[in-house]
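Protein chains: 2
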Amino acid sequence: MDQAKGPRKGRAIGKTNDVNADLIAVVVAVNDAGPCVLTIEQGAALPSGPFELAHRSLQSSLRAWVELQTGQPLGYIEQLYTFADRDRTGGNERVISISYLALTREEDAGASGRPSWTSWYDYFPWEDHRSGRPPMLEELWPRLIEWAQGADDGATRFDRRRRAAVAFAMDDRAWNEELALQRYELLYEAALVEEAKRGGDSAILAPVPGRSMSADHRRILATAIARLRSKIKYRPVVFELMPPLFTLLQLQRTVEALSGRLINKPNFRRLIGQQELVEKTGTTTAETGGRPAQLYRFHHAILDERPVAGTKLPLARA
Amino acid sequence: MDQAKGPRKGRAIGKTNDVNADLIAVVVAVNDAGPCVLTIEQGAALPSGPFELAHRSLQSSLRAWVELQTGQPLGYIEQLYTFADRDRTGGNERVISISYLALTREEDAGASGRPSWTSWYDYFPWEDHRSGRPPMLEELWPRLIEWAQGADDGATRFDRRRRAAVAFAMDDRAWNEELALQRYELLYEAALVEEAKRGGDSAILAPVPGRSMSADHRRILATAIARLRSKIKYRPVVFELMPPLFTLLQLQRTVEALSGRLINKPNFRRLIGQQELVEKTGTTTAETGGRPAQLYRFHHAILDERPVAGTKLPLARA
DNA sequence: CCAGTTATAGTCAACGCGATTATAAGGCCT
DNA sequence: AGGCCTTATAATCGCGTTGACTATAACTGG
């Protein structure tokens, strides 16, 4: 209080540190085709826009322009990460990018024009283990090993080899779906994704399967996937992606779509049931093929009641 | 790619959206006095500084000026949150604040002058449950209930009452140490902390015990505490706060200081042991009072080996 | 009516973890 | 020196969670 000229007091310095602030949104929905993300430019970029100073907060600014631009009402919104790396965009412009994860229900897609939904797994085909381990992993492993061997010193070789093994479940390790970001960053480091060659690193090996995106949008998407896969295990955010009424199997399929792996059905039902997160509506639907299924709705009253340690899903160990 | 004039393309708009970017650091260490945070202005504020455009990234910028200013080498650094609420600082200036959590070891405190260490629990006395439930909670409960009753409609009354009960362990609920942020925000909403009256809300009841800070620094500190209390349960970050050699009880005391609650000793040792996070040095220390204790060191090799689902601590349910 | 599909309930065993007890090894006070 | 205090370290018990599996019910379509 009394020491007005302390060593550093925020904007007490006259030097201009003005920067530009961008908001980048990863808007997620799940439909029959799987988990989708809202994209622009035919799937080559995530929707982004400048932070409007007129808005109260960053979140309200994001919500406003995404809803305006896409007609999508956003449910849950969560901040992901703030980047300001110098050479992020390739240019010499200084931009701070604040990325967000948003969940919605994909009603009236493409109604207001340009944006479209693209499956996660178009960008990260190695992340979908719902039909067993993707065959492409077996082609990926030797390339990662080769990259590890290419290091200068033995310690780095060992470290690369270990990180690759952990992230990509080599040597009979268990697949960990939450490592989506580490996996993408490892592929980037190994110059196995198309984005890596933009940094001037022209050791352009044939990139691994999977669509690339402009700038670092694919990395942001990987961040969102990892965050969401982690979050659904302890917070009831899945319901933001569900229609008002749903069957338990539909709920399970949604969780499976997000996590990229299959869940044991009886255990899933038990866990959902004993947490009292859903309530029966009494009505049933015959549209599911076999025996008509109960329709459930989300039990809103419980939402804040279990602030933590709720909504566990049987996704623990393999 | 081909649609150059899509609905919105980032900084394609000519309007100026320049803002000022500040970095705010919550630097944490643990000593005999408990968990401490690095502060300036006699504990009234967190160290903060402008984002230097000269640096590669936000993290390196933060690390540079904190180490320069305080002489503290920072170990682990993690981004907390980015704020840009209009009336955060009270002024009409537009500032984006990017807050960080950093862990260090508190060597040579105050060597380079101004900054000093202050205990967490000076700011949040209700968060320390290491000696049982703080008596002040019992004085707090009726004030929260009173606040809940003061709502206009019944639904809000019920909601306030429920949130207060969950956050502050009313009605024989279990104390959840991870709700530190929710608790502070609830007290702010109830105008029971000194910061609340700055917004013009002059219904100045006597504030709850606990030091306040300038601007929203206390909220940022609460965010850091909540994040760290959650993180130590699944990532081995505690070791960033430990000296190179330590006994298991010292490690336990550190975790207890952070989480604000006591841990069962045998269970703690079992969990630490079976995770192979530490290794014996063979040497012992007699400085602990009773039987000489083994000195351990952190098993660095294991750090990235268990990227997730490691370092569990017996802090689950009460 | 039978085969196929899905819904729903129940069982069993392994593991994790909280709680407790027991034993070892040093310091300090009388 | 001996007894008491402190802390360190090891071992055990029991409950609850949860992963894997089996069985039964209800409906559709041929």
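Protein sequence lines, in the order shown, are assigned to chains A and B. Numbering-wise, the first sequence is residues 1 to 318 according to the numbering used here. Numbering-wise, the second sequence is residues 1 to 318 according to the numbering used here. By construction, the Cβ of each residue, glycine as well, lies at the ideal position given by its N, Cα and C atoms.
Span separating the alpha-carbon of residue i from that of residue j
i: Asn-264/A; j: Ser-131/A; result: 14 Å
i: Glu-185/B; j: Ala-84/A; result: 29 Å
i: Gly-150/B; j: Arg-157/B; result: 7 Å
i: Leu-187/B; j: Glu-189/A; result: 46 Å
i: Arg-211/B; j: Glu-240/B; result: 27 Å
i: Pro-135/B; j: Pro-209/B; result: 12 Å
i: Phe-168/A; j: Leu-137/A; result: 8 Å
i: Thr-70/B; j: Arg-173/B; result: 42 Å
i: Gly-90/A; j: Ile-24/A; result: Bear in mind that the predicted position of Gly-90/A carries a pLDDT of just 47, short of 50, making it unreliable; the figure below should be weighed with that in mind. Computed Cα separation, rounded: 17 Å.
i: Pro-244/A; j: Asp-153/A; result: 57 Å
i: Met-170/B; j: Arg-269/A; result: 31 Å
i: Glu-41/A; j: Arg-297/B; result: 52 Å
i: Ala-33/A; j: Leu-74/A; result: 20 Å
i: Val-166/B; j: Arg-218/A; result: 38 Å
i: Lys-280/A; j: Gln-294/A; result: 7 Å
i: Arg-88/A; j: Leu-46/A; result: With a pLDDT of 47 at Arg-88/A, under the threshold of 50, the modelled position of this residue cannot be trusted; read the value that follows with caution. Near 15 Å, if we compare the C-alpha coordinates of Leu-46/A and Arg-88/A.
i: Val-30/A; j: Ser-230/B; result: 29 Å
i: Arg-133/B; j: Glu-287/A; result: 54 Å
i: Leu-205/B; j: Glu-177/B; result: 26 Å
i: Arg-261/A; j: Val-27/A; result: 21 Å
i: Gly-49/B; j: Gly-43/A; result: 38 Å
i: Arg-8/B; j: Arg-235/B; result: With a pLDDT of 36 at Arg-8/B, under the threshold of 50, the modelled position of that residue is not reliable, and the figure given next carries that caveat. Using only the alpha carbons, I get a separation of about 40 Å.
Cβ of residue i within 8 Å of any chain A Cβ
i: Ser-116/B; result: no
CB contact check: residue i to chain B, cutoff 8 Å
i: Leu-140/A; result: no
i: Ser-259/A; result: no
i: Tyr-81/A; result: yes
i: Arg-8/A; result: Only weak support exists for where Arg-8/A lies, its pLDDT of 36 falling under 50; the value from the coordinates is given anyway. For Arg-8/A, the answer is yes, since a Cβ of chain B falls inside 8 Å of its Cβ.
i: His-299/A; result: no
Coarse secondary structure for residue i, derived from DSSP in three states
i: Pro-236/A; result: coil
i: Leu-101/B; result: strand
i: Glu-106/B; result: coil
i: Gly-34/A; result: strand
i: Pro-115/A; result: coil
i: Thr-254/B; result: helix
i: Ser-212/A; result: coil
i: Thr-283/A; result: strand
i: Ala-293/B; result: strand
i: Val-27/B; result: strand
i: Ala-165/B; result: helix
i: Gln-274/B; result: helix
i: Tyr-76/A; result: coil
i: Asp-122/A; result: helix
i: Asp-22/B; result: strand
i: Ser-61/A; result: helix
i: Ile-96/B; result: strand
i: Arg-261/B; result: coil
i: Ser-230/B; result: helix
i: Phe-51/B; result: coil
i: Gly-90/B; result: With a pLDDT of only 46 at Gly-90/B, under 50, the local geometry of the prediction cannot be trusted, and the value read off the model is given with reservation. Reduced to three states, the DSSP call for Gly-90/B is coil.
Count Cβ pairs between the region 125-145 of chain A and the region 93-103 of chain A that sit closer than 8 Å; are there 3 or more? Note that the region 125-145 of chain A does not touch the region 93-103 of chain A; fewer than 3 beta-carbon pairs, one per stretch, sit closer than 8 Å.
- Does the count of Cβ pairs from the region 97-104 of chain A and the region 76-84 of chain A closer than 8 Å reach three? yes
request  = Tell me, please, whether the region 243-254 of chain B touches the region 214-227 of chain B by the rule of three or more beta-carbon pairs shorter than 8 Å.
outcome  = no
**Item:** Meets three-Cβ-pair contact criterion under 8 Å: the region 265-285 of chain A and the region 139-147 of chain A
**Value:** no
- Message: Does the region 32-40 of chain A come into contact with the region 114-121 of chain A, if we say contact requires no fewer than three beta-carbon pairs (one atom in each stretch) closer than 8 Å?
- Response: yes
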